[in-house]
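Numbering (this note's numbering), first residue to last: 500 to 755.
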C-alpha cells in the first residue's frame with residue numbers, strides 16, 4: 500500500500516509549470532488538496548514558499564519539482580515514476596517564525612515566516628533600531644538599512660546575501676543579521692538559540708520609517724517587532740534521497 504496515493508498538484512503561473520502540471524494530472528489523476536496525501540508543487544522556490552504558507556497547519560507534506568529558476572527547495576523535474584519517488588522521499592521538518600509587528604497606530608499585525616523576518620528602511624535615511632533578546636537590551640542602537648532574523652531553512656536565502664551565516668538544518672539556532680550596518684560598523688550579527696524571543700524597537704520612527712516583512716507579508720511604519728520560533732507548526736517537505744534540504748544547505752557552504 501502506498502503512503503501517497505492521493506496527489507494534489509499546484510503550479511506557478513508560468514506556461515512551463517502549467518503544461519507540466521496538466522501532463523502529470525493526466526498520468527496520475529488529481530485529488531482536491533483537502534483530501535490529498537501529498538501536495539506536488541511545480542515551480543520555483545517562490546511557489547514552494549507560497550505552498551507551504553497555503554497549507555500551513557494541515558500537516559500535509561509538500562514535494563516540489565523545479566519548473567522555475569533557482570529551485571533550491573525543489574527536486575529535479577521528471578514525469579516518470581512519481582509514485583516511486585514519493586515513496587522513497589525523505590522528510591525535512593521545519594518550524595516557521597512568528598512575527599508580531601506593532602505599527603504607528605498601535606495595531607498589531609501577525610504573520611509567519613519560513614525563511615526570515617526582516618526590518619527594512621522605507622526612506623533615504625538609515626533605520627535606527629534597538630535590539631532586545633528575551634526582554635534584555637543587547638544592542639542599544641543599530642544604524643543600518645535593516646536587520647533580519649533567519650531560520651536554518653532560510654539561512655541560505657536573504658540572510659546569506661546579507662553576509663549572514665549558513666545554519667545546518669538541525670541546528671537549534673537563529674541568525675540575527677544586520678543589513679548594511681553603519682553603526683556599530685564592525686557588528687556582523689549574532690547566533691541565537693532558537694528558543695530566544697527577539698524584540699526590535701524602531702527609534703526615531705517618524706523620521707526614519709521602517710517596514711517589517713515576514714517572507715512575502717509586509718507591514719509598513721512599524722514601531723516594534725517581536726519574533727520567535729513557532730514550534731506549534733510543523734512544515735514537512737519531501738526530497739529525493741541524497742538531495743535533502745540538509746544536504747543542500749551543507750553543499751552551499753562549500754560553494755556548490
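Heads up, the beta-carbon is just placed ideally off N, CA and C, and yes, glycines get one too.
Are the CB atoms of residue i and residue j nearer to each other than 8 Å?
| i | j | result |
| --- | --- | --- |
| residue 692 | residue 672 | yes |
| residue 598 | residue 724 | yes |
| residue 626 | residue 643 | yes |
| residue 509 | residue 550 | yes |
| residue 523 | residue 578 | yes |
| residue 622 | residue 704 | no |
| residue 727 | residue 697 | yes |
| residue 536 | residue 503 | yes |
| residue 571 | residue 519 | no |
| residue 732 | residue 601 | no |
| residue 702 | residue 640 | yes |
| residue 744 | residue 511 | no |
Give the DSSP-derived three-state secondary structure of residue i in the structure shown.
| i | result |
| --- | --- |
| residue 529 | coil |
| residue 550 | helix |
| residue 745 | helix |
| residue 572 | coil |
| residue 586 | helix |
| residue 542 | strand |
| residue 520 | helix |
Is residue i buried or exposed, if buried means 16 or more other CB atoms sit within 10 Å of its CB?
| i | result |
| --- | --- |
| residue 651 | buried |
| residue 582 | exposed |
| residue 636 | exposed |
| residue 741 | exposed |
| residue 569 | exposed |
| residue 566 | buried |
| residue 662 | exposed |
| residue 714 | buried |
| residue 500 | exposed |
| residue 531 | exposed |
Can you tell me the Cβ-Cβ gap for residue i and residue j, rounded? I've got them flagged as a contact below 8 Å.
| i | j | result |
| --- | --- | --- |
| residue 628 | residue 616 | Going by Cβ atoms, the distance from residue 628 to residue 616 rounds to 13 Å, so no, they are not a contact pair. |
| residue 539 | residue 619 | That belief does not hold up - the Cβ atoms of residue 539 and residue 619 are roughly 34 Å apart, past 8 Å. |
| residue 561 | residue 737 | 7 Å |
| residue 695 | residue 674 | About 11 Å separates the two Cβ atoms, so there is no contact after all. |
Enumerated in chain order, which unbroken segments of the beta strand (DSSP E) with a length of 3 residues or greater are wholly contained in the region 588-635? 589-593, 596-602, 607-612, 615-620 and 626-632
Taking only runs of the beta strand (DSSP E) that begin and end inside the region 639-693, which ones reach a length of at least 3 residues, in chain order? 672-682 and 689-692
Unbroken stretches of the beta strand (DSSP E), 3 residues or longer, contained in the region 705-748: 709-713, 716-718, 721-728 and 734-738
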